[in-house]
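**Q**
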Amino acid sequence: MSEEPRQNLLNTLRIRKDLEKFTAGALLRHPQVDAVIERIAALEPRDQQVVYAWAELVGRANPELAAHFVARAPAAFAQMDRDGVEDWIDQVMHTFDNRGLGFAVDAVEGVDEFARDYASRHVRCGFDDASGFLRHFVRGLGGRELRVVTDQSTFTDTESLYLPDAVNLFPEPEQNFTLYKLTAVHLWAQTWFGTWRYQVVERLLRQYDDDAMMAVFNRLECLRLEACIERELPGLAREFAVFGHIDAAADALWAAWRDDAAALLDPGATAEDTLDLVEAFLERPLPPFKPFQSDMFAGRVRQALFARIEREKAAFQRAMQDLRESQDGPEQDGEGDASEKQMVEIQMGDEDAGDGGEIKFQVTVDGETVAVPEHLRDLMGSIMQDFGEIPDEHMEPSERGEYSDDLLPQSGDGAADDDLDPDAVGTFTYREWDCVRQRFREDFCTLRELGVPPGDPGFVEATLEKHRGLLKSIKRSFEAVLGESRLQRRQSDGDDIDLDAVIEAYTDMVNGREMSEYLYTRYRNQERSIAVMFMVDMSGSTLGWVNDAERESLVLLCEALEMLGDRYAIFGFSGRTNKRCEVYRIKDFEDSYSKDVRERISGIRPKAYTRMGVAIRHLGQLLQHTRARTKLLITLSDGRPEDYGGYKGKYGIEDTRHALLELKQGGIHAFCVTIDNEAQEYLPHMYGPANFAVIDEVEKLPYKVADIYRRLTT
Amino acid sequence: MSTTAIRTEQSYVLDEPYYEPVANEIEVFAAAYNNQLPILLKGPTGCGKTRFIEYMAWYLKRPMVTVACHDDLTASDLIGRYLVRGGETVWVDGPLTSAVRQGSICYLDEVVEARKDTSVVIHPLCDDRRLLPIEKLGELLSAPPEFCLAISYNPGYQSVLKDLKQSTRQRFVALEFGYPSAETEQIIIEKESGVDAGTARQLIKFGNMTRNLKGSGLDEGASTRLLVNAGKLIASGIAPVAATDAAIAQALTDDEDMLQAVHELSRSIF
């Protein structure tokens, strides 16, 4: 007998003996025991170790089960990696512990099914795995911000990318991930390379609105987009080339289409050129979809597009107006319509400059280049995505959009019976800034401080339960803030000598001056002397999710703040007209975080409008009278200031800005957390460029608010 | 009493530092300098503030002192202190005092990081008095016309504890720095890192992609400095994607989704 088979034989004998021991002989009763041992002997040594280890463990619990396990182990290793096998045996033991031997044996025998399930779980790329990444990735590629959501159909309406739940086409998880990514990129490319420009959507719906034409358009566009991607994003183009492959026949068909539609591959080709070709291809056999290709729904696009065009046109005209006014300078006040005389021009940069998702343009007012604020840049970018240019009608200043800033003279109206008596207890009057008259209206607003009826006491518990994990991480990060102990110099007493101070004292002494007694250093947590006022928007628009998210944020925040020991107060604000401004006391600086406070938080409900200026003035005063080194007013809001009777648009924004400036002069820092996506338009003006945060998804509010607070105060 | 000068970081900038002007900042700085006005440089990290100061020191032929401010930096660290030598006390000038004495450019980098008491010494130096009181010596140093104080400040930090006070900032002539235009940035990257024009263009494209992410997951996009760093790695033979991963992605974020997104953005270009 030669060496190798002899070794094998010895191995098999040893394995048989060992496993016999672990299974207390049960294995020997297996009908194909020899075949089983052969197969185990053929496993890799490390896999054998796993079988050994588990056979011994399972054998201690039940030898019969161990025998079943050993018999099926080779099959398990043939289908899964080591982690998979351990998952499987884990599940078996769990079943044994809870349901007994019979079910456990079934679980052992069910290894094939388990392996199939394991494979699909580990191979597919699901929405949850990829969406976080995709949001960033697509945003980075360029263009307007797109939401990434999952849907039964895969398409884009130019506001969102609708993606499938999961992709499971390939055996390797990396491949499925790439395909998922390419699917999203292909949809992004439609929004970026002009598939859904206004002109195209119009013609598409007018002349080509049937399924056959749409199918042809989709395929021709795919060719054009691939060419665009190849020019701009060579790395992605390589992946598209690999994943675009279907089979020989389909590839040949695609190649034929590509040859005949070569005009679409030119750098200058647009989706309108694609439309021109649709009829010529109508009779030809359709190539099958490439794996990353998805449906196109022109109707859905149109809906989103038209709504956006209206919205952005109004916002753009408003911004242009602001630009004209800001160039006016205060000296040429009012009289002649200055805006008439001024020429605002926009020059487009070279579109093919290939500069990482940035559209270039230059804005000039009367021939002078002006700096374009960030929100206007984004807005113009989005408009140009829709039109390829800024349409002339957008440039016309006369037409006012939906948020018309018609500066109605503020009627001091509402002389109804239920007007508040300014002399009543808990009632305050405040002035308001009138940007039309450029002066204050003294004692214009009457504000009452009200309580909040307690709400459902279970809300706080439910929130703490819901966000248990989150709360833990918030607390941990806040603890880190607390734990930052630092060396304090020049102390009257301490752990060590402050050498600098001693030398200084010595020199003072030598020079005949008085010696300092502060000569020690010590480590101590820095004392936080922070008072923070949370001003919560309780306007009617917060109804629903926003209100829930606000309340949840407050609960989490209170838990965290209690730990930090910062002084904090929570007030809601709302109201209707200047005579009925209201703030709602949820927690004052002196109140402890008691059951009452918790119930008041849960009792926060949407009320009426958002007259922000007066609320800021009132709460700022409260804050002003608190003792702390750093004072902070944080607003949680869902939109621009707005109230009944002309308090909207520019008037509301200017008054709020004024109120905030007054705070700033008093040494109070203001910060705003908002969920309004259009906040870029007005918040920088009101709060200053770095003093706000826009949260794109309401659900993220509880997490973000705590995080922002931590960042603000460290 | 004898005073001894000690060596600080103070030095003349002998070779012309490479600096690509973005707008009229050189003229503005020179004009402010000639009018003895202090200068505040605002802008995100890595956009060339420090390089600009070095360039101006060379341009104006003045020595410069740089002080990187930290949260334990006190006024006496800037002014100076007595030391003891052989039973005698010896006064040693701090960097600011020696800069005033010698008529240098004193650059306080990231001034908001310093202790609040530093503003006591900065304020009288920055208005028309141009005086530096040295309490311990009982001296009042009057700054010569050649002396210039420049500070830098990054307004992007959202911490209320690190804000520049109005009373401080209103004493300065402010120069705002942003990222340079694509053309300028391309020249900078080519010259600084030694990559070819094509690679520089790709790097800028990648840089702009990361800047798109500012505010949606990133606090800052890739600065010119990071792009130059990546360029240097590429010029030394590191594969482009590996270079951007190491020099840019890891420097910008620790968030896994974001790291992956930045990685894939790089892969989509190179």
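Chains as they are written, first to last, in numbering that gives the first Met the number 0: chain A, 0 to 713; chain B, 0 to 269. Ideal Cβ positions, reconstructed from N, Cα and C, are used throughout, including at glycine. Keep in mind it's a predicted model, so treat the numbers as computed, not measured.
Under 8 Å by Cβ, that's how I've got A:K630 and A:H668 pegged, so tell me the actual separation to the nearest angstrom.
**A** Confirmed, about 7 Å.
**Q** Checking 9 Å against the spacing of the C-beta atoms, do B:M257 and B:L232 come in under that value?
**A** no
**Q** Need the endpoints of the alpha helix (DSSP H) that B:D127 sits in, please.
**A** Boundaries for B:D127: no alpha helix (DSSP H) harbours it, and the DSSP string shows neither H nor E there.
**Q** List the DSSP bridge partners of A:G571.
**A** A:V535 and A:Y583
**Q** Using a cut-off of 8 Å between C-beta atoms, extract the partners of B:E263 located in chain A.
**A** F132, F136 and K180
**Q** Taking all protein chains shown into account, decide if A:L711 is buried (16 or more other Cβ within 10 angstroms of its Cβ) or exposed.
**A** Note on A:L711: 16 or more other CB atoms within 10 angstroms of its CB, so buried under the neighbour-count rule.
**Q** Chain A beta carbons: is any one of them nearer than 9 Å to that of B:M257?
**A** yes
**Q** Just the C-alpha distance for A:G380 and A:G142, rounded to the nearest angstrom, thanks.
**A** Pairing A:G380 with A:G142, the inter-Cα distance amounts to about 7 Å.
**Q** Closer than 9 Å by beta-carbon distance: list the chain B residues that pair up with A:I502, in chain order.
**A** R80, Y81, L82, V83 and T88
**Q** Whose Cβ in chain B lies nearer than 7 Å to the Cβ of A:N510?
**A** Simply T88.
**Q** Using beta carbons (cut-off 9 Å, strictly below), is B:F269 in contact with chain A?
**A** Closer than 9 Å to some Cβ of chain A, the Cβ of B:F269 qualifies, so yes.
**Q** With 16 as the cutoff for other CB atoms within 10 Å, does A:M514 come out buried or exposed?
**A** Per the 10 Å Cβ criterion, exposed.
**Q** Measure the C-alpha to C-alpha separation of B:A98 and A:M319 and round it to an integer number of angstroms.
**A** 48 Å
**Q** In the structure shown, what three-state DSSP assignment does B:L95 receive?
**A** helix
**Q** Work out the CA separation of A:Q174 and A:I14 for me, nearest whole Å.
**A** 39 Å
**Q** For B:S141, count neighbouring C-beta atoms within 10 Å of its own C-beta (all shown protein chains included) and say buried if the count is 16 or more, exposed if not.
**A** exposed
**Q** Please classify A:M508 as buried or exposed, where buried requires at least 16 neighbouring CB atoms within 10 angstroms.
**A** exposed
**Q** Going by C-alpha to C-alpha distance, which of A:G644, A:E503, A:L470 and A:V199 sits closest to A:T609?
**A** A:G644
**Q** On the CB-based measure, 16 or more other CB atoms within 10 Å of its CB, does A:R512 come out buried or exposed?
**A** exposed
**Q** What's the gap between the Cα of A:T194 and the Cα of B:F176?
**A** 37 Å
**Q** I'd like to know whether the C-beta of A:E367 is nearer than 9 Å to at least one C-beta of chain B.
**A** So, not an interface residue.
**Q** Against A:T506, what residues of chain B qualify as contacts under a CB-to-CB distance less than 7 Å, listed in chain order?
**A** Y81, V83 and T88
**Q** With 16 other CB atoms within 10 Å as the buried threshold, where does A:V435 fall?
**A** exposed
**Q** Any C-beta of chain A sitting closer than 9 Å to the C-beta of B:L212?
**A** yes
**Q** Helix, strand or coil for A:R323? Go by DSSP, reduced to three states.
**A** helix
**Q** Can you list, in chain order, the residues of the stretch 224 to 257 of chain A whose Cβ is nearer than 8 Å to any Cβ on chain B?
**A** Cβ proximity to chain B below 8 Å picks out L232, P233, G234 and L235 from the stretch 224 to 257 of chain A.
**Q** From the DSSP output, which residues share a beta bridge with B:I150?
**A** B:L39 and B:L107
**Q** Could you check what DSSP says for A:W195 in three-state terms: helix, strand or coil?
**A** coil
**Q** Going by beta-carbon coordinates alone, are A:T625 and A:F588 separated by less than 9 Å?
**A** yes
**Q** Within 9 Å of any Cβ in chain A, is that where the Cβ of B:V240 sits?
**A** B:V240 counts as touching chain A.
**Q** Who are the neighbours of A:P688 on chain B, taking C-beta pairs under 8 Å?
**A** Neighbours of A:P688 on chain B, chain order: P154.
**Q** When the Cβ atoms of the stretch 258 to 265 of chain A are set against those of the stretch 217 to 233 of chain A, are three or more pairs found closer than 8 Å?
**A** yes
**Q** By the 10 Å Cβ neighbour count, where 16 or more other Cβ atoms means buried, how is A:V277 classified, buried or exposed?
**A** buried
**Q** Spell out a yes or no on whether the stretch 169 to 189 of chain B and the stretch 233 to 241 of chain B are touching, meaning 3 or more CB-CB pairs, one atom from each, closer than 8 Å.
**A** no
**Q** Which residue wins for smallest C-alpha separation from A:P640, given the options A:T673, A:L662, A:A627 and A:L621?
**A** Between A:P640 and the set A:T673, A:L662, A:A627 and A:L621, the nearest pair of CA atoms involves A:T673.
**Q** How would you call A:Q6, buried or exposed, if buried means at least 16 neighbouring beta carbons within 10 angstroms?
**A** exposed
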